[in-house]
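Engineer:
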Amino acid sequence: MPLPAGPAMIRFETVSFRYGAGPVLSNVSFHVAPGETVVIFGISGSGKSTILKLVAGLIRPQAGRIFVNGQDMSQASESDWRQLRPKIGFVFQGGALFDSMTVGENVGFYLLEHTDKPLSEIEASVRQTLRFLNLSEDLIDLLPDSLSGGMQRRVAIGRAVAAVDPLIMLYDEPTTGLDPISTRAITEMILKLRDVKKVSSIVVTHEIADAFEVTDHFIVLHDGLIVFDGTGAEMLKSTNEHVREFLAPFIDSVRALTASFD
Amino acid sequence: MVLLSILKRFAWDTQELAKYSLRLGRRLFTRPFYFMEMVEQMYFLGVGSLFLVVLTGTFAGQGLALQFSIELADFGSKNYLGRVLTISIVRELGPVLTGLMVAARVAAGVTAEIGSMKSSEQIDALTAFGVDPIRKLAVPRFWALLIMLPVLTIICDFVAITGGYLIAVYVAHISASAYWTNVIHKLTLGNMVIGLTKPFLYAVIISTISTHMGFSTEGGTKGVGRSTTDSVVACSITILFVNFLIARLVTPLLKGVM
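Chains A and B, in that order, give the protein sequences. Going by our numbering, the first residue of the first sequence is number 1, and it counts up by one from there. Going by our numbering, the first residue of the second sequence is number 1001, and it counts up by one from there.
#1: Answer with yes or no whether the minimum CB distance from D1124/B to chain A is below 8 Å.
#2: For F218/A, which residues does DSSP report across the bridge?
#3: Identify the continuous alpha helix (DSSP H) that holds L25/A and give its terminal residues.
#4: Considering only residues of the same chain and omitting the five flanking positions on each side of Q1062/B, which have a CB-CB separation below 6 Å?
#5: Could you pull the DSSP bridge partners for F1068/B from this structure?
#6: Any beta carbon of chain B sitting closer than 8 Å to that of R154/A?
#7: Residues of the region 1118 to 1142 of chain B in Cβ contact with chain A at a cutoff of 7 Å, in chain order, please.
#8: Just to confirm the assignment, what range does the alpha helix (DSSP H) spanning G1225/B have?
#9: Name the chain B residues that come within less than 7 Å of Q75/A, Cβ to Cβ?
#10: Quick one: measure Cβ to Cβ for V220/A and V203/A, integer angstroms, because I've assumed they're closer than 8 Å.
#11: Measuring CB to CB, does F47/A end up less than 8 Å from V15/A?
#12: Can you look up Q1041/B in the DSSP assignment and give me helix, strand or coil?
#13: Ignoring anything shorter than 3 residues, give me the beta strand (DSSP E) runs that lie fully in the region 33 to 117 of chain A, in order along the chain.
#14: Along the region 96 to 119 of chain A, where does the CB come closer than 9 Å to a CB of chain B? Name the residues.
#15: Could you tell me which residues DSSP puts in a beta bridge with I10/A?
#16: Kindly list the residues whose CB is nearer than 6 Å to the CB of S1236/B, restricted to its own chain and excluding five residues on each side of it in sequence; keep chain order.
#17: Going by Cα to Cα distance, which pick from L236/A, F228/A, D252/A is closest to G42/A?
#18: Need the endpoints of the beta strand (DSSP E) that D141/A sits in, please.
#19: Evaluate the contact criterion for the region 96 to 107 of chain A versus the region 137 to 147 of chain A: three or more CB pairs, one atom per stretch, below 8 Å.
#20: What residues in its chain sit with their C-beta under 6 Å from that of P162/A, if we drop five residues either side in the sequence?
#21: According to a CB-to-CB cut-off of less than 7 Å, which residues of the region 55 to 73 of chain A neighbour chain B?
#22: Compute the beta-carbon to beta-carbon distance between A156/A and A96/A, rounded to the nearest angstrom, for a pair I have assumed lies under 8 Å.
#23: So what's V1171/B in DSSP terms, helix, strand or just coil?
#24: Tell me whether M169/A sits in a helix, a strand or coil according to DSSP, three-state version.
#25: Of all the options I186/A, V91/A, N134/A, which has the alpha carbon lying nearest to the alpha carbon of P166/A?
#26: Please report the Cβ distance between V1204/B and L1146/B, rounded to the nearest whole angstrom; I am assuming they are in contact, meaning their Cβ atoms lie under 8 Å.
#27: Determine, using beta carbons only, whether P174/A comes closer than 8 Å to chain B.
#28: If I'm right that T50/A touches F12/A with Cβ under 8 Å, what's the distance once you round it to whole angstroms?
#29: Which of the three DSSP states is assigned to S1005/B in this structure?
#30: Any idea if N1191/B is buried or exposed, counting beta-carbon neighbours within 10 angstroms, 16 or more meaning buried?
#31: In whole angstroms, give me the CA-to-CA distance for F1051/B and A124/A.
#32: In the DSSP assignment, what residue or residues form a beta bridge with V15/A?
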C-alpha cells in the first residue's frame, strides 16, 4: 500500500527488525500525520510494542527508514535521540512507574533530571499536570505501589505529559486489564491530549471499542507484517483473513458502536 | 556436545560482559554524575553491610586463632600467634571474606533491583526520558563500592585481629603485649599493599558483574531470580580466582617488603 505524500509526524518506510534469529517486523511502512491518532491492533507477539520502541529509539531497525518529526532517525546517534525524546511521551504497558519514587517525583521526573528549576516550580508544574489529567493532587506523596493499576497508568500518562509539551504520545496497551471506570478515564485522557494538545499518537491496544472512540485510522499487524491500514469502516469490510480473525470476537459490538457514532 | 554448548555460552557471556565493561568504563569519568545516588549507595552498600562484616570478621578471627594456637602450642611457638594471624587475615581472609560477604549481599540486591526494573520496563522508561540507565544506576554503585569495600575490609581485618586477641589472651593465655607486638611486626607495607589492593579489584568485579547481570535480565520474575543467583555465583568465583592470581603473581614481587 503506497504511503500518503503529506507531512508526517511519524513515517516508517519498509522497516524490518529482528530479535536474535526471529524476525519481529518485516518491511513495515505506515504514516502518522501531525495531530493524528493511529491505533495498532494485532495478537500478542505480532510486533506492536516493537513499533513503539522503534519510534522512541529504544531499539534500532536493522533495515528501512524511520522519520520522526521530519528527521530520519534510522541511523541517528544517541545524542540525536536525546534531543528528540523530550518531544515523545511514552506510556508503557503497566505504567513502568519508578517504584522507588513518589507519584510527584515520577510526574516531575523529566524536570528533576533535565532542568535546574527550583523544586517549588517543579512541584507547581506537577500539580498542574495532575489537575489537567483530572488526577487528585493528594496522590503527590504516595508511592506507586499504593495505587491501583488504573491509577498507575493515569500517573504514567501524567509523567509522559509533564516532561514538556510532547508532539508525539505512544501508548502501549494503556487500558488492558483495567476496570471500565479506569478505562473510561484513560480514554478521556487520550482524547484530551489529542484535542487540546494536538499531539500525534500511536495507541497499541486489544480494546477495540475504546479504539474506535479515539481514532478512525487503524493498522492491523500479523506476524510482523501490516495486513491492514485504513479506516474503521474499511476494516470492518476487510476480507483479509487475519483482520477478520482478529475482529471476529468483537464484530457485533463494534458494528453497534460504529452505528451509534453514525 | 554439552561441553561445547557450555563453552559457547561462557564465551558469549564473557564477550557481553567485556562489552558492558567498556560501556561502563566510558561513563565513569564523564558527566552527568549522580552524586546523591552515590552517597545513597555508599550508605546502602557500605553501612548496610557493616554488621555482616563485623560479625563475620569476629568469628573468623576467633576460629582461626583457636586453630592456630593449638597447632603452634605443639611447636612451643604460641607467642607467634599474632604474626600468623595477621598474615592470614590481612593478606587473605579479611579481603576475601569481606569480598564474598559483600558479593552475596550486594550483588544479589543490585542484580535483583536492576533486573526488576528491566522486567517492569523501568529501564526503558529511563531511556525514554533521556536518562542513561548505566550512568544513573551502575556508575553510582561502582564508585560507592570502590570507596566502601576497602573501608569494610579494614574494619573486617581489625575486628578479626581483635577477635584473635580475645582468644590469644583468654584461651591460649598469651600475653597481650606479645600478641600485639607480633601483630604490629607483620603489619608491613607489603602485606598491607596486598590486603588493600584486593578490595579495590573485588569492588570492580562485584559492581560490574552485578549491574551487567541486572541489565541482561530477561524472562520476568523467574528471570530476575535466575540472574540474581548467577550474579552471586559469578562474583564469588571471580573473586576467588582473582585472589588466586594475586597470590600467584603479585605476592612474590612484594616478598622483600613483607
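Every residue, glycine too, gets a C-beta built ideally from N, C-alpha and C.
Structural biologist: So, from the data block:
#1: To locate residue 1124/B, count along the second sequence from 1; it is residue 124. It does: the Cβ of D1124/B has a partner Cβ on chain A nearer than 8 Å.
#2: By 1-based counting over the first sequence, the position of residue 218/A is 218. V39/A, G230/A.
#3: As a working note, residue 25/A is residue 25 in the first sequence. L25/A -> not in any alpha helix (DSSP H); beta strand (DSSP E) instead, spanning 22 to 32.
#4: Translated into positions along the second sequence, residue 1062/B becomes position 62. Closer than 6 Å at the Cβ level, and outside the excluded window around Q1062/B, lie G1163, I1167.
#5: Start at 1 with the first residue of the second sequence, and residue 1068/B comes out as number 68. None; F1068/B has no bridge partner.
#6: Within the first sequence, the letter at position 154 stands for residue 154/A. Taking Cβ atoms only, chain B never reaches closer than 8 Å to R154/A, which makes this a no.
#7: S1120, E1121, Q1122, D1124, A1125, T1127, A1128, F1129, G1130, V1131
#8: Indexing the second sequence from 1 puts residue 1225/B at position 225. Element bounds for G1225/B: 1220 to 1245.
#9: Here residue 75/A corresponds to residue number 75 of the first sequence, with the count starting at 1. Chain B residues near Q75/A: none, gap ~18 Å exceeds 7 Å.
#10: In the first sequence, residue 220/A corresponds to position 220, counting from 1. In the first sequence, residue 203/A corresponds to position 203, counting from 1. Going by Cβ atoms, the distance from V220/A to V203/A rounds to 13 Å, so no, they are not a contact pair.
#11: Numbered from its first residue, the first sequence carries residue 47/A at position 47. Numbered from its first residue, the first sequence carries residue 15/A at position 15. Rather than Phe, the amino acid found at residue 47/A in this sequence is Gly. Not closer than 8 Å, so no.
#12: Residue mapping note: residue 1041/B aligns to position 41 of the second sequence, counting from 1. Note: Q1041/B maps to helix in three-state DSSP.
#13: 37 to 41, 63 to 68, 88 to 91
#14: A96, L97, F98, D99, S100, F109, Y110, E113, H114
#15: For this step, residue 10/A is matched to residue 10 along the first sequence. Answer is V32/A, V68/A, bridged to I10/A.
#16: As a first step, residue 1236/B is located in the second sequence; it is residue number 236 there, counting from the start. So the qualifying residues of the chain are L1100, A1103.
#17: For this step, residue 42/A is matched to residue 42 along the first sequence. Here the closest residue by C-alpha is F228/A.
#18: Along the first sequence, one-based indexing puts residue 141/A at 141. Run containing D141/A: none; DSSP gives neither H nor E here.
#19: yes
#20: Here residue 162/A refers to the residue found at position 162 of the first sequence. First, the residue type needs correcting, since residue 162/A is Ala and not Pro in the sequence shown. Counting only Cβ-Cβ distances below 6 Å, and skipping sequence neighbours, we find V107, T129.
#21: A56, L58
#22: Translated into the one-based positions of the first sequence, residue 156/A becomes position 156. Translated into the one-based positions of the first sequence, residue 96/A becomes position 96. 7 Å between Cβ atoms; contact.
#23: Position 171 of the second sequence, counting from 1, holds the residue named residue 1171/B. Note: V1171/B maps to coil in three-state DSSP.
#24: Stepping through the first sequence from its first residue, residue 169/A is reached at position 169. Strand at M169/A.
#25: Working through the first sequence from its first residue, we reach residue 166/A at position 166. For P166/A, the nearest C-alpha among the options comes from V91/A.
#26: Taking the second sequence and counting its residues from 1, one reaches residue 1204/B at position 204. Taking the second sequence and counting its residues from 1, one reaches residue 1146/B at position 146. Contact holds; Cβ gap of about 7 Å.
#27: Against the first sequence, residue 174/A aligns to sequence position 174. Chain B, which has no Cβ nearer than 8 Å to the Cβ of P174/A, makes this no.
#28: Taking the first sequence and counting its residues from 1, the one referred to as residue 50/A is at position 50. Taking the first sequence and counting its residues from 1, the one referred to as residue 12/A is at position 12. About 11 Å; that fails the 8 Å criterion.
#29: As a first step, residue 1005/B is located in the second sequence; it is residue number 5 there, counting from the start. Note: S1005/B maps to helix in three-state DSSP.
#30: Numbered from 1 along the second sequence, position 191 holds the residue referred to as residue 1191/B. Buried is the call here.
#31: To locate residue 1051/B, count along the second sequence from 1; it is residue 51. To locate residue 124/A, count along the first sequence from 1; it is residue 124. C-alpha separation (whole angstroms): 42 Å.
#32: Sequence index remark: in the first sequence, residue 15/A carries index 15 (1-based). DSSP lists V28/A as partners of V15/A.
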